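FYI, in full-length UniProt numbering the residues of the sequence shown are 1 to 305. We put the beta carbon where it would ideally sit given N, CA and C, even for glycine. Predicted model, so just to flag it, every value in this text is computed and none were measured. Below: the structure, in structure tokens.
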Amino acid sequence: MFRLSTLSTRQAVQRLAVQARYQSTSSAAATSSMTAKSMSMAAAGVATVNALAYMSMETVDANMAADGLHAPVYPWDHKKNLATFDHAAIRRGYQVYKEVCAACHSLDRIAWRNLIGVSHTEAEVKAMAEEFEYTDGPNDVGDMFQRPGKPSDYMPKPYANEEQARAGNAGAYPPDLSLMIKARHGGADYVFSLLTGYQDPPAGVEIREGLNFNPYFPGGAIGMARVLYDGLVEYEDGTPATTSQMAKDVTIFLSWAAEPEMDERKKMGMKALTMLAILTGLSVYLKRHKWAGLKTRKILYKAAK
């Protein structure tokens with residue numbers, strides 16, 4: 001056996017020597033080819049890692065002020081699981097929107113009828129809608145005509161088109177407020193902080209003419225000037241119309257405009273959880289008492305005699 005193992009080892013060494021002899025002629029070319037391939041693979045790996053790191057970054061802006069100051073978190077009651085909107089605040093917030101915000105901002109997704117039973121009665125909504133004229137038609141002779149608004153109409157726009165809106169606001173376009181709470185990072189916290197965050201620019205910060213400094217707005221320079229001042233509106237219920245109170249009320253109104261179904265959704269959620277709790281209790285009862293005899297039974301076999 002020792003002779004066989006020695007012979008097999010000698011043959012393996014000779015085979016390796018032959019392979020090395022044939023490969024010696026192309027060793028330089030193979031080495032350079034392998035080196036180039038390794039370098040290309042390394043470069044591709046580095047590029048892939050950099051691309052993944054770039055895509056995972058939230059922003060590539062080195063200036064943190066470009067994102068705006070992060071709004072503090074406020075304890076909004078309607079964000080609690082078992083709480084609904086403050087409907088009195090929604091009514092006051094609509095008044096602030098109507099008297100202050102509606103001059104520039106639209107509310108395209110809200111119809112007059114959406115206010116019925118939420119902040120106003122049906123008679124109040126009909127009276128408010130009739131204050132505006134809407135284009136309707138055609139009539140019997142094919143002409144368009146103007147008519148008073150109806151509860152089914154959507155709230156009117158302050159401008160006919162975007163160009164007219166920019167021309168009336170020094171080139172800035174006032175966005176629609178229907179989904180503003182959902183469209184901005186921070187939601188209600190951001191809107192409230194923005195409305196109450198106007199101040200003079202700090203030392204060393206220059207704001208272009210026509211813009212205003214607000215640290216919560218991305219970049220710090222916003223085209224909308226401060227619009228809320230103490231006593232600007234007169235609330236029907238006698239609530240003091242301070243700047244923070246008006247900002248809070250209009251923020252709650254816009255939160256409702258973005259989620260008008262929130263109260264109903266929470267009610268349905270509570271009903272569903274109640275039914276699931278009842279069904280879970282029944283399931284436990286059936287398992288513990290009705291099936292206990294079957295689950296714990298023993299099967300005995302009698303040996304045949």
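| Check | Outcome |
| --- | --- |
| Tell me which residue opens and which closes the beta strand (DSSP E) that residue 133 is part of. | 133–136 |
| Just to confirm before moving on: does the CB-CB distance between residue 97 and residue 189 stay below 8 Å? | no |
| Name the DSSP bridge partner or partners of residue 78? | DSSP lists no partner for residue 78. |
| Measure the CB-CB distance between residue 239 and residue 230 and report whether it falls below 8 Å. | no |
| Hey, quick one: how far does the beta strand (DSSP E) through residue 288 stretch, first residue to last? | Per DSSP, residue 288 belongs to no beta strand (DSSP E) and is neither H nor E. |
| Distance, Cα to Cα, residue 49 vs residue 200? | 44 Å |
| Among the candidates 52, 216, 178 and 142, whose CA atom is the shortest distance from the CA of residue 193? | 216 |
| State the DSSP-derived secondary structure class of residue 87, mapped to helix, strand or coil. | helix |
| Pick out the complete alpha helix (DSSP H) segments inside the stretch 117–177, 4 residues or longer, and give them in chain order. | 122–129 and 162–167 |
| For my contact list, residue 249 and residue 89 are in at a C-beta cut-off of 8 Å; report their separation, rounded to the angstrom. | 5 Å |
| Entirely within the stretch 181–234 and at least 4 residues each: give me those alpha helix (DSSP H) ranges in chain order. | 188–196 |
| Over what stretch of residues does the alpha helix (DSSP H) that includes residue 252 continue unbroken? | 243–258 |
| Does DSSP put residue 42 in a helix, in a strand, or in coil? | helix |
| Answer with buried or exposed for residue 195, where buried requires no fewer than 16 other C-beta atoms within 10 angstroms of its C-beta. | buried |
| Just how far apart, CA to CA, sit residue 257 and residue 186? | 16 Å |
| Going by CA-CA distance only, name the one from 132, 180 and 101 that's closest to residue 228. | 101 |
| Residues in the same chain with beta-carbon distance under 6 Å from residue 179, minus the five sequence neighbours each way, listed in chain order, please. | 258 |
| Helix, strand or coil: which one does DSSP assign to residue 102? | helix |
| When you compare only the Cα positions, how much space is there between residue 151 and residue 124? | 10 Å |
| Should residue 68 and residue 218 be called a contact, given that it needs their Cβ atoms to be closer than 8 Å? | yes |
| Give the C-beta separation of residue 134 and residue 147 to the nearest angstrom, bearing in mind that I take them to be a contact with Cβ-Cβ under 8 Å. | 6 Å |
| Taking the C-alpha atoms as reference points, what is the distance between residue 162 and residue 225? | 19 Å |
| Going by the DSSP bridge assignment, what does residue 111 pair with across the sheet? | 154 |
| Does the beta-carbon of residue 177 have 16 or more other beta-carbons within 10 angstroms, so that it is buried, or is it exposed? | buried |
| I'd like to know whether the C-beta atoms of residue 119 and residue 157 end up nearer to each other than 8 Å. | no |
| Which term fits residue 251, buried or exposed, when burial requires 16 or more other beta carbons within 10 angstroms of its beta carbon? | buried |
| If you measure between the beta carbons of residue 172 and residue 223, is that distance less than 8 Å? | yes |
| Taking only the alpha-carbon atoms, compute the straight-line gap between residue 246 and residue 153 and give it to the nearest angstrom. | 26 Å |
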